[in-house]
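Visitor: Heads up, the sequence shown stops at 975 in our numbering, and the numbers go up one at a time, no gaps. One structure, pasted below without further comment.
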Amino acid sequence: MQHPSPVDIPQSKPDNIEVVLAARNVAKSFGAVQALKGVNFDVHRGQVTTLFGENGAGKSTLMKILSGVQKPTTGEIILDGKAVELNSTTEAQEMGICIIHQELSLAPNMTVRDNIFMGREIMGAFGVDYAEEERQTRILMEELEEDIDPLAKVEDLRLGQQQIVEIARALSVDARILIMDEPTSALSASEVEVLFKVIHDLKARGVSIVYISHHLEEALTITDHAVVLRDGNMTAYAPRAEIDLEWIVVNMVGENFDLGTPPVGYDFGTPALTIENLTVPTSSGKGIAVDSLNIEVKAGEIVCIYGLMGAGRTELLECAAGRLKNTAGRVLLHGDNVSGLTIAERINEGLVLVPEDRQRDGLVQTMTVGRNLSLASIANFTKRLFTSVSDENQIIVDSIRDVTVKTDGPNAAIGSLSGGNQQKVVIGKMLVTNPSVILLDEPSRGIDIGAKAEVFKLLADRAKEGLAVLYTTSEVSECLSIAHRIIVMRRGQISAEFTHDTTKEAIMAASGESLVA
């Protein structure tokens, strides 16, 4: 397929399928920053419209406007052919519009059941009918093919399970227009397949879907229409038959990206990280998350771990970093046993972790970009309880440059950054400690393809300097990017190991799943 430059690409006209929701000349400004610039956007009845764009392109802002979270600065929203004002998410839900947000909005100390029906409690003769809410929650979980206890606390669930709860809550509203902002960012391929079945069922019932995802190949499997936003402008529209992966990327960023290849031209060093017969219990203590597992990563080597949710990937990394206790086995750093060390002590020894949930575990939301970057390396600019402001500032400036964080400056709020730049801050914070081994749990979760390419290039460059890299991913294409070796985990054990020249099919077969159709 030939692709003209993004500036010259003709925008195909929507077909005659009924438009149920539309944005007309919608603009949104935050002070001097213009997030949306006169965008026109159509949602078709019983169809999936996928919105593509880099972080900061305006996707989430547009969806917040369409769902009543924010109001446009100018322009109007059309619902069923009539202009409407959406003053809140409650008003939007009453009109049949519901959104699944990219960043989870669950109450961690409440049960799954209570989160799903929060603000919409089912009332009986004597107050809230908890039994009926529990029954309906179980039905929703069956529809999503998940075995999640309705009475479990959300804080006790894995991130992927929490995302399932968020999806279930949206489905419980029985919306006719459902906006999904990165609904699969923490899901395994098999869970994505189930979600896509649900989406097909919703389409058959006439429900309209707006879908946002950085998983481009995945999104192509379900979309009926594709819209691309770039710098607050709609740059392209086309029906599914007229697009492919290259069309999306070129319109998003103006060039075609790949996620790199394994760095070459140097020899690996001695083993930097050795995991011997490691056994880690599940969070409930009733099962085994990691079962007598052995892994070795050499200096300068990049190793990827792939597996379904529940395979034990996160537990493995968190135990190696000191966040979880093991019941057997040991963790060696350059031959020295560090199993008895705390997280801070392991960081001081050169072993660091970039966690899966950057919002909860990787960043301090009340701190600036600079303070987040320097947080893990306080000892580098502190002597006898006194901190050197100049030394700290130099560390921050160097880190912003080295990991290419796009920010207004060190004093900018961390929440003002895009997801990709927030992830760079988390990685930069750990690299400032000068580690010899870095563990990264889903480092590309919720970031766009341009930011992914930058993150993987950063890791490849550091590997050339001798850094040992061990990362997990739920995207097979990321296994086949910069990793020298690919390890597949299944039920807490290693089911297969591959070199870079393997295939997607082989990796997924070893994990116990199949490609999403």
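Ideal placement from N, C-alpha and C gives every residue a C-beta, glycine not left out.
Counting along the chain, where does the beta strand (DSSP E) carrying A485 start and finish?
Guide: Counting along the chain, the beta strand (DSSP E) containing A485 begins and ends at 477-488.
Visitor: Quick check on DSSP: helix, strand or coil for D749?
Guide: Here D749 sits in strand by DSSP.
Visitor: Taking 6 Å as the limit between beta carbons, can you name the residues of its chain near T508, skipping five residues before and five after?
Guide: Correct list, in chain order: Y669, A677, T681, A684.
Visitor: In the structure shown, what three-state DSSP assignment does Q492 receive?
Guide: In the structure shown, Q492 sits in a strand (DSSP, three-state: E or B).
Visitor: Between the Cα of G514 and the Cα atoms of K915, A730, S932, I907, which residue gives the shortest distance?
Guide: Measuring from the Cα of G514, the nearest candidate turns out to be I907.
Visitor: In terms of residues, what are the limits of the alpha helix (DSSP H) holding A515?
Guide: Looking at the DSSP string, A515 is not in any alpha helix (DSSP H), and its letter there is neither H nor E.
Visitor: I need the straight-line Cα distance from L703 to P739, nearest angstrom please.
Guide: Their Cα atoms are separated by approximately 41 Å.
Visitor: Looking at the secondary structure, which residues open and close the beta strand (DSSP E) in which I536 lies?
Guide: Here the beta strand (DSSP E) through I536 covers 532-537.
Visitor: Beta-carbon within less than 6 Å of L687's beta-carbon, same chain only, minus the 5 sequence neighbours each way: which residues are those?
Guide: Only G511, A515, G516, K517 meet the Cβ criterion.
Visitor: Contact criterion: CB-CB distance below 8 Å. Does L775 meet it with respect to chain D?
Guide: The displayed structure is made up of one protein chain only, and chain D is not part of it.
Visitor: What does the Cβ neighbour count give for H658, buried or exposed, with the cut at 16 atoms within 10 Å?
Guide: By the 10 Å Cβ count, H658 comes out exposed.
Visitor: Are the region 478-494 and the region 515-534 touching by the rule of at least three beta carbon pairs closer than 8 Å?
Guide: Yes: the two stretches touch, three or more of their Cβ pairs being nearer than 8 Å.
Visitor: So, under 8 Å CB-CB, T547 and R771 are touching, yes? Tell me the CB distance rounded to an integer number of Å.
Guide: Their Cβ separation, rounded to whole angstroms, is 34 Å, which puts T547 and R771 out of contact at 8 Å.
Visitor: Could you check how far apart the C-beta atoms of G924 and G723 are, in whole angstroms? I think they sit under 8 Å.
Guide: No, G924 and G723 are not in contact; Cβ-Cβ is about 13 Å, not under 8 Å.
Visitor: Tell me whether the region 623-633 and the region 879-895 touch, counting them as touching only if at least three CB pairs, one residue from each stretch, are closer than 8 Å.
Guide: Not touching, per the Cβ criterion.
Visitor: Judging by CA-CA distance, which residue of E734, D605, T679 is the nearest neighbour of E651?
Guide: The residue with the shortest Cα to Cα distance from E651 is T679.
Visitor: List the DSSP bridge partners of D899.
Guide: Answer is T930.
Visitor: Would you give the residue range spanned by the alpha helix (DSSP H) that Q951 belongs to?
Guide: Note, Q951: premise wrong, no alpha helix (DSSP H); beta strand (DSSP E) at 951-957.
Visitor: What are the start and end residues of each continuous beta strand (DSSP E) run of 3 or more residues lying completely inside the region 705-790, in chain order?
Guide: Those beta strand (DSSP E) runs which fall completely within the region 705-790 and span 3+ residues are 729-739, 746-756, 760-764.
Visitor: Can you grab the Cα-Cα spacing for the pair A837 / I805, in whole Å?
Guide: Each residue's Cα considered, the two are about 11 Å apart.
Visitor: Hey, out of G904, V812, K783, Q852, whose CA is closest to I896's CA?
Guide: Of G904, V812, K783, Q852, the residue nearest in Cα terms is V812.
Visitor: Tell me whether M638 sits in a helix, a strand or coil according to DSSP, three-state version.
Guide: DSSP places M638 in strand when its eight states are reduced to three.
Visitor: Determine the extent of the alpha helix (DSSP H) in which T891 is found, giving its start and end residues.
Guide: Careful: T891 lies outside any alpha helix (DSSP H) and carries neither H nor E.
Visitor: Could you give the distance in angstroms between the alpha-carbon of V497 and the alpha-carbon of R949?
Guide: Roughly 47 Å separates the two Cα atoms.
Visitor: Which residues bound the beta strand (DSSP E) around R943?
Guide: Looking at the DSSP string, the run of the beta strand (DSSP E) that includes R943 is 943-948.
Visitor: Going by DSSP, name the residue or residues bridged to L674.
Guide: The partner list for L674 (beta bridge, DSSP) is empty, contrary to what the question assumes.
Visitor: Quick one: what's got a C-beta closer than 8 Å to H958's C-beta in the same chain, skipping five residues either side?
Guide: For H958, where only same-chain residues beyond five positions count, the Cβ hits under 8 Å are T719, P720, L938, A941, H942, R943, I944.
Visitor: Can the beta-carbon of E773 be found less than 8 Å from the beta-carbon of V748?
Guide: Yes; because the gap between Cβ atoms is below 8 Å, this pair is in contact.
Visitor: Going by alpha carbons, who is nearest to M692 out of E700, R698, I706?
Guide: When each option's Cα is compared against that of M692, the closest is I706.
Visitor: Please classify T865 as buried or exposed, where buried requires at least 16 other C-beta atoms within 10 Å of its C-beta.
Guide: Counting Cβ neighbours within 10 Å, T865 comes out buried, since at least 16 surround it.
Visitor: Taking the DSSP output, what are the residues bridged to S607?
Guide: The sequence given here has Asp at residue 607, not Ser. DSSP lists no partner for D607.
Visitor: Measure the alpha-carbon distance for N567 versus D614 and round it to whole angstroms.
Guide: If I take the Cα positions, the gap works out to 9 Å.
Visitor: Please classify H847: is it buried, with 16 or more other beta-carbons within 10 angstroms of its beta-carbon, or exposed?
Guide: According to the sequence shown, residue 847 is Val rather than His. Label assigned to V847: exposed.
Visitor: Alpha carbons only, please: which of V501, R593, R578, V491 is nearest the one belonging to Q551?
Guide: Closest by alpha carbon: R578.
Visitor: What are the boundary residues of the alpha helix (DSSP H) that I854 is part of?
Guide: That run of the alpha helix (DSSP H) goes 847-860.
Visitor: Which class does S935 belong to by DSSP, given the choice of helix, strand or coil?
Guide: Correct three-state label for S935: helix.
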